[in-house]
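J.: Just so you know, the first sequence maps onto residues 1 to 888 in the UniProt record's numbering. Ideal Cβ placement from N, Cα and C applies to all residues, glycine included. Here it is, the structure in full.
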Amino acid sequence: MMNRLGRSSAGVGHIRSESTPSNDDEEMNSPNGGLTHNAALADDYTSAASIGGTARSEKKSKKKRKRGKSSNSKADDGISNEGISRSHIHTGMTADFGSKKHKKSVLSPLHLKGMFINERTNLPVYQHSADIVHLISNNDVVLVVAETGSGKSTQIPAYVHESGLLKISAKAAAANVSSHLPKQKYGRTICVTQPRRVAAITLAKRVSEEMKCIPGTIVGHRVRFDDTTDVKGHNTTKIIYATDGMLLREAISDPLLKRYGMIALDEAHERSLQTDVLFGVVKRAMAARKREPERHKEIENVQLKDDADETLYFEKDEEILIRMKETAVALGLPPLRVCVMSATLDVDTFRSFFPGSSMIKIPGRQYPVQVVHSDQIYEDYIDAALNTVINIHKNTPDGDGSDVLVFLTGQDEIEDLASLLKRHLEDLKNDNSVDQNVKGDVVQNIKGIGTSINSGCSMITNGVLICVLYASLPPEQQMLAFRPKPKGCSRKVILATNIAETSVTLDGIRYVVDCGKHKSREYKSSTGMESLVVSDISKAQAAQRMGRAGRVSEGICLRLYTKESYDLLAETTVPEILRVNLAQVVLQLKSMGIHDPRSFSFLTPPSADSIRKSFEVLAALGAIDESMDLTDYGKEMSQLPLDPIYANLLLQSSKFECVSEILTVVAMLSAENIFYHPGRGGDDQGGLAARGAAAHRRFASYEGDLPTLLNVYNAWRKEASYTRTGNLRKTKQKISKGKSSSALLSHGDWCTQNFINGRALTRAHDVRSQLSDLCSRLGMDIHSSCSSEMTTFYRCICAGLFLQVASRLPNSSQLQVKKNSRYNGAETIPSRGHYKTKIGGTIVSVHPSSTLFGRNPAPKCVVYTDLVHTTRMYIRGTTQIREEWLNG
DNA sequence: TAGGGTTTT
Numbered sequence: 001m002m003n004r005l006g007r008s009s010a011g012v013g014h015i016r017s018e019s020t021p022s023n024d025d026e027e028m029n030s031p032n033g034g035l036t037h038n039a040a041l042a043d044d045y046t047s048a049a050s051i052g053g054t055a056r057s058e059k060k061s062k063k064k065r066k067r068g069k070s071s072n073s074k075a076d077d078g079i080s081n082e083g084i085s086r087s088h089i090h091t092g093m094t095a096d097f098g099s100k101k102h103k104k105s106v107l108s109p110l111h112l113k114g115m116f117i118n119e120r121t122n123l124p125v126y127q128h129s130a131d132i133v134h135l136i137s138n139n140d141v142v143l144v145v146a147e148t149g150s151g152k153s154t155q156i157p158a159y160v161h162e163s164g165l166l167k168i169s170a171k172a173a174a175a176n177v178s179s180h181l182p183k184q185k186y187g188r189t190i191c192v193t194q195p196r197r198v199a200a201i202t203l204a205k206r207v208s209e210e211m212k213c214i215p216g217t218i219v220g221h222r223v224r225f226d227d228t229t230d231v232k233g234h235n236t237t238k239i240i241y242a243t244d245g246m247l248l249r250e251a252i253s254d255p256l257l258k259r260y261g262m263i264a265l266d267e268a269h270e271r272s273l274q275t276d277v278l279f280g281v282v283k284r285a286m287a288a289r290k291r292e293p294e295r296h297k298e299i300e301n302v303q304l305k306d307d308a309d310e311t312l313y314f315e316k317d318e319e320i321l322i323r324m325k326e327t328a329v330a331l332g333l334p335p336l337r338v339c340v341m342s343a344t345l346d347v348d349t350f351r352s353f354f355p356g357s358s359m360i361k362i363p364g365r366q367y368p369v370q371v372v373h374s375d376q377i378y379e380d381y382i383d384a385a386l387n388t389v390i391n392i393h394k395n396t397p398d399g400d401g402s403d404v405l406v407f408l409t410g411q412d413e414i415e416d417l418a419s420l421l422k423r424h425l426e427d428l429k430n431d432n433s434v435d436q437n438v439k440g441d442v443v444q445n446i447k448g449i450g451t452s453i454n455s456g457c458s459m460i461t462n463g464v465l466i467c468v469l470y471a472s473l474p475p476e477q478q479m480l481a482f483r484p485k486p487k488g489c490s491r492k493v494i495l496a497t498n499i500a501e502t503s504v505t506l507d508g509i510r511y512v513v514d515c516g517k518h519k520s521r522e523y524k525s526s527t528g529m530e531s532l533v534v535s536d537i538s539k540a541q542a543a544q545r546m547g548r549a550g551r552v553s554e555g556i557c558l559r560l561y562t563k564e565s566y567d568l569l570a571e572t573t574v575p576e577i578l579r580v581n582l583a584q585v586v587l588q589l590k591s592m593g594i595h596d597p598r599s600f601s602f603l604t605p606p607s608a609d610s611i612r613k614s615f616e617v618l619a620a621l622g623a624i625d626e627s628m629d630l631t632d633y634g635k636e637m638s639q640l641p642l643d644p645i646y647a648n649l650l651l652q653s654s655k656f657e658c659v660s661e662i663l664t665v666v667a668m669l670s671a672e673n674i675f676y677h678p679g680r681g682g683d684d685q686g687g688l689a690a691r692g693a694a695a696h697r698r699f700a701s702y703e704g705d706l707p708t709l710l711n712v713y714n715a716w717r718k719e720a721s722y723t724r725t726g727n728l729r730k731t732k733q734k735i736s737k738g739k740s741s742s743a744l745l746s747h748g749d750w751c752t753q754n755f756i757n758g759r760a761l762t763r764a765h766d767v768r769s770q771l772s773d774l775c776s777r778l779g780m781d782i783h784s785s786c787s788s789e790m791t792t793f794y795r796c797i798c799a800g801l802f803l804q805v806a807s808r809l810p811n812s813s814q815l816q817v818k819k820n821s822r823y824n825g826a827e828t829i830p831s832r833g834h835y836k837t838k839i840g841g842t843i844v845s846v847h848p849s850s851t852l853f854g855r856n857p858a859p860k861c862v863v864y865t866d867l868v869h870t871t872r873m874y875i876r877g878t879t880q881i882r883e884e885w886l887n888g
């Protein structure tokens with residue numbers, strides 16, 4: 001840390017302005033056709049650019065901005081070079097229009113009902129509204145490539161709805177098949193899927209307002225614990241914004257997705273696990289609802305080997321598709337239209353997945369962002385980030401719209417940089433003799449967050465508010481980054497993980513500092529081992545980070561890596577489906593009637609090994625039988641929105657008569673980040689880390705982490721009924737209607753005192769209620785409890801997690817270690833404190849966050865919830881068991 | 001001796 005302080009002159013001084021990239025439209029975010037927000041900002045722009053420190057870069061940046069326009073329009077044309085249907089931005093015409101003449105270029109404003117007509121017609125997407133509707137009406141699949149701010153997510157569903165397209169096609173379909181059918185009830189609704197809850201909720205709200213309807217009538221959202229659709233009756237909501245996981249759930253009971261006439265898969269470029277699975281599910285439904293009687297060529301991406309079983313399964317899947325088609329015909333289902341909405345141009349992937357799809361590109365409404373790469377490779381990017389931020393602060397005007405967003409990989413780095421920045425800003429203050437009273441004023445002016453200023457890592461120094469932002473930070477401390485700057489504070493510097501890439505939006509950011517790294521989860525199916533590794537981001541992520549500087553005005557993105565390093569980055573992020581344990585996905589697919597997930601049409605097929613491993617787990621849990629068919633038990637498991645391991649644990653609890661306790665444990669495991677661990681990295685004012693640890697110790701169980709989670713939940717509930725009895729009763733009523741309890745059960749003080757994440761606990765509470773309902777429906781007695789008879793509880797944990805057992809190694813033996821490992825050249829180390837996993841035989845240690853860490857004597861045998869590789873191999877979520885329980 | 005980010009009838 002000290003060496004960082006001592007090297008304050010390095011950093012941005014070495015960053016030079018890059019010449020305009022001529023063939024890379026990610027580099028410059030264009031001013032778009034007809035929208036000019038940029039001209040007036042030229043002065044600010046050059047002064048900001050001068051942080052490079054040379055007259056050369058100033059001149060270049062002016063030139064660059066000019067060239068940026070032309071280079072971008074070139075890039076737009078470049079799309080058609082991808083071999084996709086040609087799309088001209090200014091007309092929106094595409095070759096897929098075929099012979100039909102296309103006259104109207106936009107929907108008449110009269111077509112747009114409700115409020116915000118001006119706002120709606122000013123959006124870039126409006127210029128293409130008629131084209132989009134036309135494309136959607138004439139193609140099964142339309143790919144809309146549009147950057148942030150184009151209005152695609154709010155407008156396209158509304159255009160389709162307002163055009164009456166789905167009504168017409170439904171009627172037509174009914175007429176074609178059997179005219180005696182009553183009023184068409186299928187295929188009338190539009191579903192827009194989102195990877196995140198918040199997005200689904202806010203989009204639905206916004207579109208309701210725009211269409212001047214009460215939320216839940218024509219437009220509604222459907223996310224876990226919160227469903228505002230169909231308030232007026234059965235299937236009355238016509239535009240549903242749902243999380244993709246929610247639509248996936250729906251597909252389990254209705255693989256034909258009968259209700260929907262169009263499904264829009266938004267944020268497709270993010271390639272989240274659920275969106276990826278949904279691609280295949282939607283494609284299957286589409287194939288089944290297609291009107292042409294082609295029956296045998298629908299399933300693609302099949303890699304058949306000379307294996308009788310696999311052929312058998314393929315035939316089974318084909319039979320199922322034929323049955324789905326028969327159902328679709330019998331019900332008169334109209335064809336399913338699909339609209340894929342993506343911000344990046346990974347068109348080859350989408351195109352080969354949906355052959356014959358057509359595409360349209362719409363400009364975003366982003367201000368241009370100048371990208372500056374560093375001219376050297378930094379070994380210590382925290383140091384480089386520190387100096388870059390200090391240089392920005394010293395050399396650019398502050399005030400509104402001058403905030404800085406720094407992307408780092410994790411909490412430690414963030415806290416580290418926060419304390420370094422604080423010290424440097426204090427030094428600056430002493431140098432510049434800034435008004436010493438400012439700091440005091442500022443703290444007084446932030447109402448309701450005084451405690452966070454003192455207790456967290458966020459702080460105000462020299463008129464600069466340093467905010468930290470990462471997922472496990474309690475919400476009240478996250479809020480600091482979103483609130484307007486307090487009086488007397490001229491600049492905000494936000495230090496964030498990739499939570500700020502997509503999950504949250506921050507206003508007023510002008511400078512983005514990007515370290516070029518992120519932490520990502522990887523999964524090895526061979527060992528069942530997860531690892532969390534720091535790795536390079538992709539170009540798509542770099543563009544996403546850059547875009548955060550151009551939301552409200554022109555911005556600057558400073559990359560702490562060279563242009564050469566940038567060029568070597570992968571184009572897109574590895575899809576999640578290639579990086580995670582697929583047991584739950586495979587179970588879901590099986591329960592949708594897909595016999596062999598290897599024949600399932602994945603956008604990017606996961607490795608056969610990964611699927612085989614999932615099969616092994618499902619077989620071991622009894623979810624599938626020898627012929628790989630779903631068992632009754634497997635069907636029950638698929639009803640529970642849990643990883644199959646936990647679904648099994650929960651179902652086992654009936655036998656042990658401790659359903660109540662296991663419900664709690666499983667719900668707590670579903671909610672991440674229950675414990676808040678403050679201030680390890682930064683300077684720890686008032687011994688926060690120690691206070692946090694002491695608070696957590698009060699809940700610790702001698703037997704391990706799962707009983708500890710039980711203790712936390714029970715303590716929280718006790719607190720809840722003690723302080724808020726009235727509200728709690730209300731909450732229960734609310735939950736029974738399927739609504740979230742988060743508004744009423746926060747228990748902020750209790751959580752703060754105990755360093756517990758209140759939001760996570762509230763979520764666990766919601767999950768628990770949902771799981772209770774589901775268990776009741778499965779005929780379980782949800783009130784069955786072992787009360788103080790904890791041995792039954794541990795036996796149940798053991799029966800549920802029997803695949804995740806590790807035994808202590810004898811203390812006397814020695815372990816071989818790899819050369820150049822952290823053990824300083826030693827070839828063997830004492831085996832003390834090490835465990836060996838029962839399956840896979842991996843040598844692991846108990847994770848330091850576990851209550852069993854450092855316990856003396858260490859338990860002989862444990863079950864664990866996670867096997868992770870970080871700095872070394874760890875088991876987390878450990879609980880002591882007796883080995884003999886494993887046999888019965 | 002240490003936890004990127006989502007999400008599920």
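Is the CB-CB distance between G280 and F600 below 7 Å?
T.: Their beta carbons are under 7 Å apart, which means G280 touches F600 by this criterion.
J.: Span of the beta strand (DSSP E) holding C796?
T.: No beta strand (DSSP E) holds C796; the alpha helix (DSSP H) holding it covers 790-800.
J.: On the three-state DSSP scale, how would you describe I577?
T.: DSSP places I577 in helix when its eight states are reduced to three.
J.: Do F407 and C515 have their C-beta atoms within less than 7 Å of each other?
T.: Yes.
J.: Per the DSSP calculation, H221 is bridged to which residue(s)?
T.: Answer is Y241.
J.: I need the straight-line Cα distance from L506 to L405, nearest angstrom please.
T.: If you take the alpha carbons of L506 and L405, they lie about 9 Å apart.
J.: Can R259 and T193 be called in contact, C-beta distance under 7 Å?
T.: Contact flag unset, no.
J.: Just the Cα atoms here: how many angstroms apart are S784 and A760?
T.: Each residue's Cα considered, the two are about 25 Å apart.
J.: Considering only residues of the region 463-547, which uninterrupted alpha helix (DSSP H) runs meet the minimum length of 4 residues and lie entirely inside it, listed in chain order?
T.: Qualifying alpha helix (DSSP H) stretches, in chain order: 475-482, 499-502, 539-547.
J.: I need the DSSP call for G692, collapsed to helix, strand or coil.
T.: If DSSP states are grouped into helix, strand and coil, G692 belongs with the helices.
J.: Does DSSP put K860 in a helix, a strand or coil?
T.: Here K860 sits in coil by DSSP.
J.: Going along the chain, which residues of its own chain have a beta-carbon closer than 6 Å to the beta-carbon of R548, five neighbours each way excluded?
T.: Closer than 6 Å at the Cβ level, and outside the excluded window around R548, lie L405, I509, V512.
J.: Given a threshold of 16 other Cβ atoms within 10 Å of its Cβ, counted over all protein chains shown, does F675 qualify as buried or as exposed?
T.: Classification for F675: buried.
J.: In the DSSP assignment, the alpha helix (DSSP H) including S137 goes from what residue to what residue?
T.: Residues 129-138.
J.: Using only CA atoms, which one of P605, P606, S531, T792 lies nearest to C658?
T.: The residue with the shortest Cα to Cα distance from C658 is T792.
J.: Which residue's Cα is closest to the Cα of A471: P678, V586, L203?
T.: The shortest Cα separation from A471 among P678, V586, L203 belongs to P678.
J.: Look up H373 in the DSSP assignment and give the residues it is bridged to.
T.: BP columns for H373 point to R559.
J.: Identify every residue that forms a DSSP beta bridge with S358.
T.: S358 is bridged to V142.
J.: Quick one: what does DSSP say Y835 is sitting in, helix, strand or coil?
T.: If DSSP states are grouped into helix, strand and coil, Y835 belongs with the strands.
J.: Would you mind sorting N887 into buried or exposed? The rule is 16 or more other CB atoms within 10 Å of its CB.
T.: Its Cβ having fewer than 16 others within 10 Å, N887 is exposed.
J.: Compute the distance between the beta-carbons of G410 and K485, then report whether it is under 7 Å.
T.: Taking 7 Å as the Cβ cut-off, G410 and K485 do not qualify as a contacting pair.
J.: Does DSSP classify C191 as helix, strand or coil?
T.: Three-state result, C191: strand.
J.: The beta strand (DSSP E) that contains V338, what's its start and end?
T.: Residues 337-342.
J.: Going by DSSP, which residues form a beta bridge with S845?
T.: Answer is H834, Y874.
J.: From this set, E884, Y713, C751, which residue's C-alpha is nearest V663's C-alpha?
T.: Looking at the sequence itself, residue 663 is Leu, so the reference to Val does not match. Nearest option by C-alpha distance: Y713.
J.: Taking R559 and H393 to be in contact with their CB atoms under 8 Å, please state how far apart those CB atoms are, rounded to whole angstroms.
T.: That belief does not hold up - the Cβ atoms of R559 and H393 are roughly 18 Å apart, past 8 Å.
J.: What separation, rounded to the nearest whole angstrom, lies between the Cα atoms of L709 and A667?
T.: Roughly 10 Å between the two C-alpha positions.
J.: What's the call for E884, buried or exposed, on a 16-neighbour Cβ count within 10 Å?
T.: Under this definition E884 is an exposed residue.
J.: If I875 sits next to A806, beta carbons under 8 Å apart, how far is it from one beta carbon to the other, in whole angstroms?
T.: Indeed, because the Cβ distance is near 6 Å, the residues count as touching under 8 Å.
J.: Please work out which residues of its chain come closer than 6 Å, Cβ to Cβ, to T878, disregarding the five sequence neighbours upstream and downstream, and give them in chain order.
T.: Only G704, D705, V846, S850, L852, V862, Y864 meet the Cβ criterion.
J.: Return the chain-ordered list of same chain residues with a C-beta closer than 8 Å to the C-beta of Q584, the five sequence neighbours on each side being excluded.
T.: Here the set comprises L642, D643, P644.
J.: Does A158 come out as helix, strand or coil in the three-state DSSP assignment?
T.: In this structure, A158 counts as helix in the three-state DSSP scheme.
J.: Could you spell out the range, first to last residue, of the beta strand (DSSP E) harbouring S807?
T.: S807 -> beta strand (DSSP E) spans 805-808.
J.: Should T878 be counted as a contact of the ligand GDP given a C-beta to heavy atom distance under 6 Å?
T.: With respect to small molecules bound, the structure shown includes none, and the ligand GDP cannot be examined in it.
J.: When burial is assigned at 16 or more other CB atoms within 10 Å of the CB, is S99 buried or exposed?
T.: Low per-residue confidence applies at S99: pLDDT is 32, beneath 50, and the placement is therefore not dependable, though the value from the model is reported in the following sentence. Classification for S99: exposed.
J.: Terminal residues of the continuous alpha helix (DSSP H) containing D766?
T.: 758-777 is the span of the alpha helix (DSSP H), which, as asked, contains D766.
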